[in-house]
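Number of protein chains: 4
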Amino acid sequence: VKGLFVPVILGTARPGRRSEAVAQHVVDVIKRRDASTQLIDVADFGLVATATPGRGLDLAVYQEMMEDADGVVVVAPEYNHGYPGELKLLLDIESHSYRRKPVGIVSVSSGLLGGARMAEQLRLVTGALGMVTVTPSVHVTNVADATEGDGDLFPPSLQAVLETMLGEVEWYAARLRGGETPPS
Amino acid sequence: VKGLFVPVILGTARPGRRSEAVAQHVVDVIKRRDASTQLIDVADFGLVATATPGRGLDLAVYQEMMEDADGVVVVAPEYNHGYPGELKLLLDIESHSYRRKPVGIVSVSSGLLGGARMAEQLRLVTGALGMVTVTPSVHVTNVADATEGDGDLFPPSLQAVLETMLGEVEWYAARLRGGETPPS
Amino acid sequence: VKGLFVPVILGTARPGRRSEAVAQHVVDVIKRRDASTQLIDVADFGLVATATPGRGLDLAVYQEMMEDADGVVVVAPEYNHGYPGELKLLLDIESHSYRRKPVGIVSVSSGLLGGARMAEQLRLVTGALGMVTVTPSVHVTNVADATEGDGDLFPPSLQAVLETMLGEVEWYAARLRGGETPPS
Amino acid sequence: VKGLFVPVILGTARPGRRSEAVAQHVVDVIKRRDASTQLIDVADFGLVATATPGRGLDLAVYQEMMEDADGVVVVAPEYNHGYPGELKLLLDIESHSYRRKPVGIVSVSSGLLGGARMAEQLRLVTGALGMVTVTPSVHVTNVADATEGDGDLFPPSLQAVLETMLGEVEWYAARLRGGETPPS
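Residue numbers (my numbering), protein chains in the order written: chain A, 352 to 535; chain B, 352 to 535; chain C, 352 to 535; chain D, 352 to 535.
Okay, here's the thing in structure tokens:
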């Protein structure tokens, strides 16, 4: 439709990405439909996900740690009901060593809902990674108050949930260890 | 439990992040429970989401484009049932200009399911951003075959879905434009 | 594997259901793998979703109301992170009249998270139905306390969210009315 | 807003439901805002989820079977991106015996995407129930063709996924059995 501006976001920066051809096709179709458009390529913005630029650990360090892990806990805030992009970047660089290992989720939010929606999306990702996501999750609410001095980051009831969750991770870790070679 | 190694992933790199205190607490509790652990900080890995390091567009360019947009189309592959981290990084840097604008999703996959699961997670994010996510989504399957020459990226049936989806984006864009000032 | 009992739940009761053949095949394969199994058919339990058996309204009443509606609000509790089955049964009996109508979600919970996870799942369903799910949702927490006398069902801050959400439903309803015939 | 009709759906039929007070409040607020409204109560429609009214098994039969199960497979179609209401009704009547048991999902669809979106929603529910949802899911596409004679319900590649998925259910079932009493 004439007069409308409908840009197309290309949402991957991976070398060899195939979505680029798809995005280019969509741009062409929008033009043919007489709207104006533009390709917005996430790879163009040099997005760097780091608060401590000095460190620059090798990703192999992460992969070794996942290899060694018996279980994992992920702590992350909720942004717009989803997980932070930098968390997803990190999770996606590894694929094999997650399998059949338990994972517990701690979601963090400045609001009242404690990031519960992020935890659900993340649970689908950890499931896809082959992990066993334990049922209890820990949802930290009002984190701004607690970290700015007044509140209590882990009041007793939340601390109890945390311990239960860690207990589940440990229970599964002990049961599933050596899981790659099922008993004959 | 003794003998278990349960690392904690801190899943945000934002300056001022409050999840760090939460993650540190979880590390302490795991140690107290007699398992071994370690903090894995996503900020330590210098994750850079870009295939074209030279460009380095300013993020203000993106924000202006979203400001100007009447509607948006997002094209992205599915990784582990979720959206790419770099897409989320980009979406999260803006908040106001998305509101009441239509968005269409094109998901891409090398498999048979066309990234439909990613599209669902992304739909929750675009909903949180205040956008109207149009109902038809476009799911591109077997993208590797198509881009490597043999297949057809958009066979007629998929092209028809794409046109329908763009028609919906345009229909909502025309209706909702000027949406920030509701009629009195 | 010998000694394991792995029943198969057939999760639809619709006349003409095709999942029955799939479930039967899965039962056969499990038997061939030497585990024991049994088909559990949801249709066998005569599940009736009603607390007021006397009324028995015709479903056409619902369909007419959806036809007439300019927008809809859904109020529902969260059970096991999802929506109640009876709500889904009702939503699924209609398909055309939802299209391009705004919907607001009010989720209810006896816990602290106010059914936010249910709201996310429901949002994907209302999206599939062709509705525009407005961004603000209302999450009622601790409902047991409030309805048993002591608490306040809608304290001022929650009441404000409710009004904002209804304002959005009304705004979209006014804009989108007559949506079935896009302007030429 | 005057002239708008915004009905409120009360989405639960459970005896003792507390969402009724919430829905009533929403109805009152909509009226006060000068729109017209009406309460649509799912309990009023006598929704019966059964294709075989004669059988009428006792729900205790289901609960005993879940108690006995070492693992479970759920076969269900996708309706509007979600699970069938009758499946949710059945799952929700039991709570304790699911815990730490593996479950595999077989989703069924007449379309090309094989119900993958339903499988994701269901995975969040089975997670909430305390089950271990194995990573591979089975997605049956084009089921109408296959059951009406021409197609093959389980072509070799899909049959292989089914066997892998069942193998995972069995692997976890063998490992987790007796899971209620963790080793000291």
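Yeah, the Cβ is synthetic: ideal placement off N, Cα and C, and Gly gets one too.
Beta-carbon spacing of residue i, residue j below 8 angstroms
{"i": "D/GLU429", "j": "D/MET469", "result": "yes"}
{"i": "D/TYR449", "j": "D/LEU408", "result": "no"}
{"i": "A/LEU355", "j": "B/ALA525", "result": "yes"}
{"i": "B/GLY455", "j": "C/THR484", "result": "no"}
{"i": "C/ARG369", "j": "D/THR498", "result": "yes"}
{"i": "B/LEU475", "j": "C/ARG474", "result": "yes"}
{"i": "D/GLU471", "j": "B/GLU514", "result": "no"}
Beta carbon proximity, residue i to chain B, threshold 8 angstroms
{"i": "D/ALA467", "result": "yes"}
{"i": "A/THR363", "result": "yes"}
{"i": "C/GLY433", "result": "no"}
{"i": "C/GLU499", "result": "no"}
{"i": "D/GLU471", "result": "yes"}
For residue j and residue i, the rounded distance between their alpha carbons
{"i": "A/VAL423", "j": "A/GLN414", "result": "13 angstroms"}
{"i": "A/PRO366", "j": "B/ALA386", "result": "39 angstroms"}
{"i": "C/SER458", "j": "C/VAL425", "result": "8 angstroms"}
{"i": "A/GLU531", "j": "A/ALA411", "result": "Since pLDDT at A/GLU531 reaches only 49, below the 50 mark, its modelled position is unreliable, and no value is offered."}
{"i": "A/ALA372", "j": "B/SER488", "result": "17 angstroms"}
{"i": "D/ASP443", "j": "C/VAL378", "result": "23 angstroms"}
{"i": "B/GLN510", "j": "B/VAL520", "result": "15 angstroms"}
{"i": "A/SER460", "j": "A/ALA467", "result": "9 angstroms"}
{"i": "D/ILE391", "j": "C/ALA420", "result": "12 angstroms"}
{"i": "C/PRO453", "j": "A/ASP395", "result": "36 angstroms"}
{"i": "A/MET516", "j": "D/LYS439", "result": "26 angstroms"}
{"i": "C/GLY540", "j": "D/GLU418", "result": "What the structure shows of chain C is the stretch from 352 to 535, and residue 540 of chain C is not part of that stretch, so it cannot be assessed."}
{"i": "C/LEU398", "j": "D/LEU441", "result": "8 angstroms"}
{"i": "A/HIS376", "j": "A/LYS382", "result": "10 angstroms"}
{"i": "A/LEU463", "j": "A/PRO506", "result": "15 angstroms"}
{"i": "A/LYS353", "j": "B/ARG451", "result": "20 angstroms"}
{"i": "D/MET416", "j": "D/GLY465", "result": "28 angstroms"}
{"i": "B/VAL512", "j": "A/TYR523", "result": "44 angstroms"}
{"i": "A/THR486", "j": "B/ARG528", "result": "44 angstroms"}
Which of helix, strand or coil DSSP assigns to residue i
{"i": "D/VAL377", "result": "helix"}
{"i": "D/THR388", "result": "coil"}
{"i": "A/ALA420", "result": "coil"}
{"i": "B/THR492", "result": "coil"}
{"i": "B/GLY462", "result": "coil"}
{"i": "B/THR515", "result": "helix"}
{"i": "A/LEU355", "result": "coil"}
{"i": "A/VAL485", "result": "coil"}
{"i": "C/TYR523", "result": "helix"}
{"i": "C/GLY502", "result": "coil"}
{"i": "A/PRO478", "result": "Looking at the sequence itself, residue 478 of chain A is Gly, so the reference to Pro does not match. Here A/GLY478 sits in helix by DSSP."}
{"i": "A/GLY433", "result": "strand"}
{"i": "D/ALA364", "result": "coil"}
{"i": "A/LEU398", "result": "strand"}
Min CB distance residue i to chain A below 8 angstroms
{"i": "B/HIS490", "result": "no"}
{"i": "C/LEU527", "result": "no"}
{"i": "D/LEU513", "result": "no"}
{"i": "B/PRO358", "result": "yes"}
{"i": "C/GLU418", "result": "no"}
Short CB-CB distance (under 8 angstroms) between residue i and chain D
{"i": "B/LEU504", "result": "no"}
{"i": "C/TYR413", "result": "yes"}
{"i": "C/ARG450", "result": "no"}
{"i": "B/LEU464", "result": "yes"}
{"i": "A/VAL483", "result": "yes"}
{"i": "A/SER479", "result": "The question names Ser, but residue 479 of chain A is Ala in the sequence shown. A/ALA479 counts as touching chain D."}
{"i": "C/ASP395", "result": "yes"}
{"i": "C/ASP443", "result": "yes"}
{"i": "C/ARG368", "result": "yes"}
Heavy atom of the ligand PLP within 7 angstroms of residue i beta-carbon
{"i": "D/ALA497", "result": "With respect to the ligand PLP, the structure shown offers nothing to examine, as it has no ligands at all."}
Residue-chain proximity (residue i, chain C), Cβ-Cβ < 8 angstroms
{"i": "B/THR486", "result": "yes"}
* **Three CB pairs or more closer than 8 angstroms across the segment 490-499 of chain B and the segment 490-498 of chain A** => The segment 490-499 of chain B, when compared against the segment 490-498 of chain A, does not touch it at the 8 angstroms Cβ threshold.
* On the three-pair Cβ rule with 8 angstroms, is the segment 433-441 of chain B touching the segment 357-376 of chain A? -> Yes, since at least three Cβ pairs between the segment 433-441 of chain B and the segment 357-376 of chain A fall closer than 8 angstroms, the two stretches touch.
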